[in-house]
Ligand code: APR
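In the working numbering, the protein residues as written are 3 to 175.
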């Protein structure tokens, strides 16, 4: 059974153990998938994020934190902060890779078996979609090889462009 799946649609509708949010370092919500997740989860999600920020100050790019899921169907939300694309000379690729890996490490810590990712950093943060998909797929594939406890990772594409890119690449998986 393939461990990596591809879906086109809204990540807030998924009944998986955890969905990943493409957050910013303040964890105070925003637009895009961050806005959609906070709207669907309700105000308690922001309350949980505020408590985390009170403890850690901010969540730097490449890092992730975990909260409950409020009114969402899933059990957890992993808030992962991707890098802002600045041309590729500021370690953006490594930071995006870390955003995926640190999200998966949190999933292991919480015995999460099914997890869904949006296309982190490819919206407002302007990361080139082709490059981001290569980084995301290779990070997830490498992590799953070492950590078979995770049963399924779903890449959720909201926009058609990302969906076509992932469809092409995952058809060879
Ligand atoms: N479900 C799944 N994916 C979604 C959804 C959704 N409901 N809404 C948007 N997306 C997709 C976008 O199509 C894009 O491919 O999420 C991807 C990431 O785009 P953004 O949400 O803009 O995230 P990012 O590029 O990482 O920028 C993060 O934007 O929303 C703010 O607070 C956020 O400051 C942070 C920044």
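Where is the CB? At the ideal position from N, CA and C, for every residue including glycine. Every value quoted in this text rests on a predicted model; they were computed, and no experiment measured them.
First and last residue of the alpha helix (DSSP H) that includes residue 165?
-> Counting along the chain, the alpha helix (DSSP H) containing residue 165 begins and ends at 162–172.
Alpha-carbon spacing of residue 86 relative to residue 97, whole angstroms | Cα to Cα, residue 86 sits roughly 10 angstroms from residue 97.
Could you pull out every residue in the same chain whose Cβ sits closer than 6 angstroms to the Cβ of residue 72, ignoring the five residues on either side in sequence?
-> Spatial neighbours of residue 72 in its own chain (CB-CB distance under 6 angstroms, excluding positions within 5 residues in sequence) are listed in chain order as 43, 44, 46, 47.
Measure the alpha-carbon distance for residue 65 versus residue 100 and round it to whole angstroms.
-> Cα to Cα, the separation comes out at about 7 angstroms.
Which residue comes first and which comes last in the beta strand (DSSP E) that contains residue 7?
-> Here the beta strand (DSSP E) through residue 7 covers 6–10.
Length at least 3, wholly inside the stretch 75–140: the beta strand (DSSP E) runs in chain order | Taken in chain order, the complete beta strand (DSSP E) segments of 3 residues or longer contained in the stretch 75–140 are 78–83, 116–119.
From residue 50 to residue 82, what distance separates their C-alpha atoms?
-> Looking at the two C-alpha atoms, the distance is approximately 15 angstroms.
Comparing alpha-carbon positions, which option in 163, 111, 116 lies nearest residue 132?
-> The shortest CA-to-CA distance from residue 132 to any of 163, 111, 116 is the one to 163.
State whether the stretch 9–28 contacts the stretch 118–132, with contact taken as three or more CB pairs (one from each stretch) at a distance under 8 angstroms.
-> Contact holds: three or more Cβ-Cβ distances are below 8 angstroms.
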